[in-house]
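**Q**
Right, here's the structure in full:
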């Protein structure tokens, strides 16, 4: 397919509007007793109607067989090849907690862990300490002072925290201290490029000080760091697609991912109905909207088939509010599958509806995995979705003469 | 899609088992009088049942429109991009005769040919001499002595033989002597890289001596050499996929191809039933099995539609023995199509069944070209099959956070 530079050459500004509804982890697997997936079980008359009027298919978020994390899953549907545009683990961690990251910062993911007197790791998660204990210990670590750099130690949940160095001439090219196994000592962090020597030295100094500060806090008597990274410099959706794009997402991680590609993040309430209300209220001001529904994924990860069905039905009930706005293009899909029977993200392709006045309707009458698998869009990489949406919004000029 | 290094980063060892059944040349074309392909003609209740329980699609062994040889056909289904991982013709020739090739050896494919007194080639195949005559002449050529190198001249069939140089500092970077046309002289072989000068000199000396030795053996009074090559250094399936892979193949070529990717080659009888028995007997010892059925391809190449149908039915009768072992993942496909009406390998995509507990069953109820073309897997490159099999065996970790 065309790369983003080529897409950029074809993209034209126009008054048409695109709404991309990402139902996180929407794809599922059949429950053995009924033989039906979550989507096939849910009563979704509005999504089915949209599928009937649109054209359908299945997307592979990254490539067949590959289970995507949230970042590659979303970058794909935003039109950014997830094999080419990657987000470091440290950055992802701070995106997930709404930390106001700066382009010069370096972020790492931290784990509180347990070490023996000899310095060998016995538990990489410190017995999954409570989030409260985590907050307390992050305050202890925040008192560490390193010369020439501002330090942020931000609690996440259980044993996880984010570490941010703020200062000049920092680099994310630093190796992990996390040995990814027990029975060995944490690894010394080294610079993976000459320009990262300052950062590697700071990281090692931080670890030495953290060990002293945490000595009396068994089981959380040490920290492990990994995924040093800087905010990636992705071209914006405005730059590529000439879209004034807005994101409506109740969860920090997805607001962060939207910000990565230059979307304006709208304030919204936490409920699904709040998100659709936010869409209506801001509909006049943007020509592209990404709406993110999280709870399908959460229910899938919890293995709660029925809860996922209920969330799908709740999403369906909001569809008339969406279609009532009469966007020129509506895309409904997900960033990956999260089958409740697997209790995890999975590699399965994700059903997609593409609706527009010009979409060339197919025979699919239902928004489900089985129905969409026979849709006219076929099975295709998620990264091709944005060019299709743009085309259907008549926002892509002819390629070649 | 991800490259093998990226797949390697995601692959995890687990107790689940994968069986890959390759029915050589399985895809076909309809016989004009019935309108049905070989697969559609054959009674294959067991494969149909597997298709009903699995998810189906069509694979392109190399890419659409490309007719693959055996090596690219197999490398694709083993997950090695056949456009990136290639096997020299000389090496392929010795793989086909079970010759114990060494990594330092250089192999070439040889043809006995006919030349005039002036040295011009009049028949590149020496009138397709008998295999017996071939063996006799290979013994003559084996008496040639070249300094510093051990020589093996191994008959194949008719006019074809394999030439192997064994010694130090050899290289496969040598041009062909075969001019690929008649009326001209064989070409002098030249080193295509500086390190191949010794090998090119040896090859030219061999040709000079062979001409003398064969002078009285018209029509086979000369030889042509092509495809100089060394054993390729592919990453092993163990290295990439963390699989302890075993191959069950009655024909030398396919054992050789399996060895190229590091599979353990199991001893097996020549019959299809023998191969499935070998699977049962060794099932406990490996977590990946490649079973190769040759006779479908042979029947296709012979243009014997009915024979191909019978072989397919024979394969079908063995499927219960396979499913009875309850592998976590079963993949049934082929390395390419060999339609009896074409009497040759063809470019047509190949039907595939992917069965696992987590495969997300589609509506396909039959293992045939037409039925699989509407399967949920859609049409995809063969090289994506292994990541799918690995995912279904829960052997691939999440990509990205």
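Residue numbers (our numbering), protein chains in the order written: chain A, 1 to 401; chain B, 402 to 802.
For each residue, glycine too, the CB sits at the ideal point set by N, CA and C.
1. Name the one or two DSSP bridge partners that residue 756 of chain B has.
2. Using a Cβ-Cβ cutoff of less than 6 Å, which residues in the same chain neighbour residue 675 of chain B once the five nearest sequence positions on both sides are dropped?
3. Let me make sure I understand the geometry here. Which of B/762, B/641 and B/604 has the alpha-carbon closest to that of residue 32 of chain A?
4. Is the separation between the beta-carbon of residue 90 of chain A and that of residue 163 of chain A shorter than 9 Å?
5. With respect to the beta strand (DSSP E) encompassing residue 779 of chain B, which residues constitute its N-terminal and C-terminal limits?
6. Please state whether the Cβ-Cβ distance between residue 660 of chain B and residue 671 of chain B is less than 9 Å.
7. In three-state terms, what does DSSP make of residue 123 of chain A?
8. Going by beta-carbon coordinates alone, are residue 530 of chain B and residue 521 of chain B separated by less than 9 Å?
9. Cα separation between residue 742 of chain B and residue 636 of chain B?
10. Per DSSP, what kind of secondary structure is residue 800 of chain B in: helix, strand or coil?
11. Over what stretch of residues does the beta strand (DSSP E) that includes residue 110 of chain A continue unbroken?
12. According to DSSP, which residues form a beta bridge with residue 150 of chain A?
13. If you compare alpha carbons, which of A/79, A/37, A/398 and A/59 is closest to residue 238 of chain A?
14. Should residue 645 of chain B be flagged as near chain A, meaning a C-beta pair shorter than 9 Å?
15. Note down, in chain order, every chain A residue with its Cβ under 8 Å from the Cβ of residue 768 of chain B.
16. Between B/633, B/729, B/654 and B/512, which has its C-alpha nearest residue 574 of chain B's C-alpha?
17. Can you give the Cα-Cα distance for residue 428 of chain B and residue 802 of chain B, rounded to whole angstroms?
18. Helix, strand or coil, according to DSSP, for residue 633 of chain B in the structure here?
19. In terms of residues, what are the limits of the beta strand (DSSP E) holding residue 249 of chain A?
20. Which residues in chain B sit within 8 Å of residue 68 of chain A, going by Cβ to Cβ distance?
21. Where residue 681 of chain B and residue 723 of chain B are concerned, what is the direct C-alpha to C-alpha distance, given to the nearest angstrom?
22. Just to check my reading of the structure: residue 56 of chain A and residue 334 of chain A have Cβ atoms closer than 8 Å, yes? What is that Cβ distance to the nearest angstrom?
23. Kindly indicate if chain A contains any beta-carbon less than 9 Å away from that of residue 484 of chain B.
24. Which of helix, strand or coil does DSSP assign to residue 697 of chain B?
25. With DSSP collapsed to three states, give me the class of residue 530 of chain B.
26. Give the secondary structure of residue 448 of chain B by DSSP, where H, G and I count as helix, E and B as strand, and everything else as coil.
27. Do you know whose CA, among A/198, A/283 and A/208, lies nearest residue 187 of chain A's CA?
28. By alpha-carbon positions, which one of B/549, B/459, B/413 and B/418 ends up nearest to residue 784 of chain B?
29. Report the CB separation of residue 615 of chain B from residue 578 of chain B in whole angstroms; it is logged as a contact under 8 Å.
30. In terms of residues, what are the limits of the alpha helix (DSSP H) holding residue 316 of chain A?
31. Under 7 Å Cβ-Cβ, which residues of chain A neighbour residue 405 of chain B?
32. Could you say which of B/590, B/650, B/533 and B/484 lies nearest to residue 497 of chain B if we only look at CA atoms?
33. Bridge partners for residue 155 of chain A per DSSP, in chain order?
34. Is any beta-carbon of chain A found at less than 9 Å from that of residue 638 of chain B?
35. Between residue 558 of chain B and residue 598 of chain B, what straight-line distance do the alpha-carbon atoms span, to the nearest angstrom?
36. Looking only at its own chain, which residues have a Cβ that is under 6 Å from the Cβ of residue 348 of chain A, when we skip the five neighbours before and after it?
**A** Walking through what the data contain:
1. Your numbering for residue 756 of chain B matches position 355 in the second chain. Residue 756 of chain B is bridged to B/731.
2. For the purposes of this step, residue 675 of chain B is taken as residue 274 along the second chain, with counting starting at 1. Once the five neighbours on either side are set aside, the close Cβ partners of residue 675 of chain B are 669.
3. The residue given as residue 32 of chain A occupies position 32 in the first chain. The residue with the shortest Cα to Cα distance from residue 32 of chain A is B/762.
4. By 1-based counting over the first chain, the position of residue 90 of chain A is 90. By 1-based counting over the first chain, the position of residue 163 of chain A is 163. Taking 9 Å as the Cβ cut-off, residue 90 of chain A and residue 163 of chain A qualify as a contacting pair.
5. Reading the second chain from its first residue, position 378 is the one you call residue 779 of chain B. Element bounds for residue 779 of chain B: 779–782.
6. Along the second chain, one-based indexing puts residue 660 of chain B at 259. Along the second chain, one-based indexing puts residue 671 of chain B at 270. No.
7. Along the first chain, read from residue 1 onward, the residue named residue 123 of chain A stands at position 123. Three-state DSSP puts residue 123 of chain A in a strand.
8. Here residue 530 of chain B refers to the residue found at position 129 of the second chain. Here residue 521 of chain B refers to the residue found at position 120 of the second chain. Not closer than 9 Å, so no.
9. Start at 1 with the first residue of the second chain, and residue 742 of chain B comes out as number 341. Start at 1 with the first residue of the second chain, and residue 636 of chain B comes out as number 235. Spanning the two alpha carbons is a distance of roughly 38 Å.
10. Within the second chain, numbered from 1, the residue matching residue 800 of chain B stands at position 399. Residue 800 of chain B carries a strand assignment under DSSP once its states are collapsed to helix, strand and coil.
11. Translated into the one-based positions of the first chain, residue 110 of chain A becomes position 110. Run containing residue 110 of chain A: 106–115, per the beta strand (DSSP E) assignment.
12. In the first chain, counting from the first residue as 1, residue 150 of chain A sits at position 150. Beta-bridge pairing links residue 150 of chain A to A/166.
13. The count along the first chain starts at 1 and reaches residue 238 of chain A at position 238. If we check each option's Cα against that of residue 238 of chain A, A/79 comes out closest.
14. Numbered from its first residue, the second chain carries residue 645 of chain B at position 244. Not closer than 9 Å to any Cβ of chain A, the Cβ of residue 645 of chain B fails to qualify, so no.
15. The residue labelled residue 768 of chain B in the question sits at position 367 within the second chain. Per Cβ cutoff of 8 Å: no residues; residue 768 of chain B is ~18 Å from chain A at best.
16. As a working mapping, residue 574 of chain B is identified with position 173 in the second chain. When only C-alpha atoms are compared, the closest one is B/633.
17. Reading the second chain from its first residue, position 27 is the one you call residue 428 of chain B. Reading the second chain from its first residue, position 401 is the one you call residue 802 of chain B. If you draw a straight line from the Cα of residue 428 of chain B to the Cα of residue 802 of chain B, it is about 40 Å long.
18. On the second chain, residue 633 of chain B is found 232 positions in, with the first residue counted as 1. Residue state, collapsed to three classes: coil.
19. Counting from 1 along the first chain, the entry for residue 249 of chain A is found at position 249. Here the beta strand (DSSP E) through residue 249 of chain A covers 245–249.
20. In the first chain, residue 68 of chain A corresponds to position 68, counting from 1. Around residue 68 of chain A, the beta-carbon contacts reaching into chain B at under 8 Å are 799, 800 and 801.
21. Here residue 681 of chain B is taken as the residue at index 280 of the second chain, counted from 1. Here residue 723 of chain B is taken as the residue at index 322 of the second chain, counted from 1. Here the C-alpha atom of residue 681 of chain B lies approximately 8 Å from the C-alpha atom of residue 723 of chain B.
22. The sequence position of residue 56 of chain A within the first chain is 56, counting from 1. The sequence position of residue 334 of chain A within the first chain is 334, counting from 1. Going by Cβ atoms, the distance from residue 56 of chain A to residue 334 of chain A rounds to 13 Å, so no, they are not a contact pair.
23. Residue numbering aside, residue 484 of chain B sits at position 83 when the second chain is read from its first letter. Not an interface residue.
24. Residue numbering aside, residue 697 of chain B sits at position 296 when the second chain is read from its first letter. Here residue 697 of chain B sits in helix by DSSP.
25. Here the question's residue 530 of chain B lines up with position 129 in the second chain. Here residue 530 of chain B sits in coil by DSSP.
26. The residue you call residue 448 of chain B lines up with position 47 of the second chain. Of the three classes helix, strand and coil, the one that applies to residue 448 of chain B here is helix, per DSSP.
27. Start at 1 with the first residue of the first chain, and residue 187 of chain A comes out as number 187. Selected option, being the one with the closest Cα: A/208.
28. For this step, residue 784 of chain B is matched to residue 383 along the second chain. Cα-wise, what sits closest to residue 784 of chain B is B/459.
29. Translated into positions along the second chain, residue 615 of chain B becomes position 214. Translated into positions along the second chain, residue 578 of chain B becomes position 177. Actually they do not touch by this definition, with Cβ atoms about 14 Å apart.
30. Looking up residue 316 of chain A in the first chain gives position 316. The continuous alpha helix (DSSP H) containing residue 316 of chain A extends over residues 305–324.
31. The count along the second chain starts at 1 and reaches residue 405 of chain B at position 4. None at all; the shortest Cβ gap to chain A is about 13 Å.
32. By 1-based counting over the second chain, the position of residue 497 of chain B is 96. Of all alpha-carbon atoms in B/590, B/650, B/533 and B/484, the one lying nearest the alpha-carbon of residue 497 of chain B is that of B/650.
33. One-based indexing of the first chain puts residue 155 of chain A at position 155. A/161, per the DSSP bridge assignment.
34. Translated into positions along the second chain, residue 638 of chain B becomes position 237. The beta-carbon of residue 638 of chain B is placed no less than 9 Å from the nearest beta-carbon of chain A.
35. Here residue 558 of chain B refers to the residue found at position 157 of the second chain. Here residue 598 of chain B refers to the residue found at position 197 of the second chain. C-alpha separation (whole angstroms): 30 Å.
36. Stepping through the first chain from its first residue, residue 348 of chain A is reached at position 348. Taken in chain order, the residues that qualify are 27 and 337.
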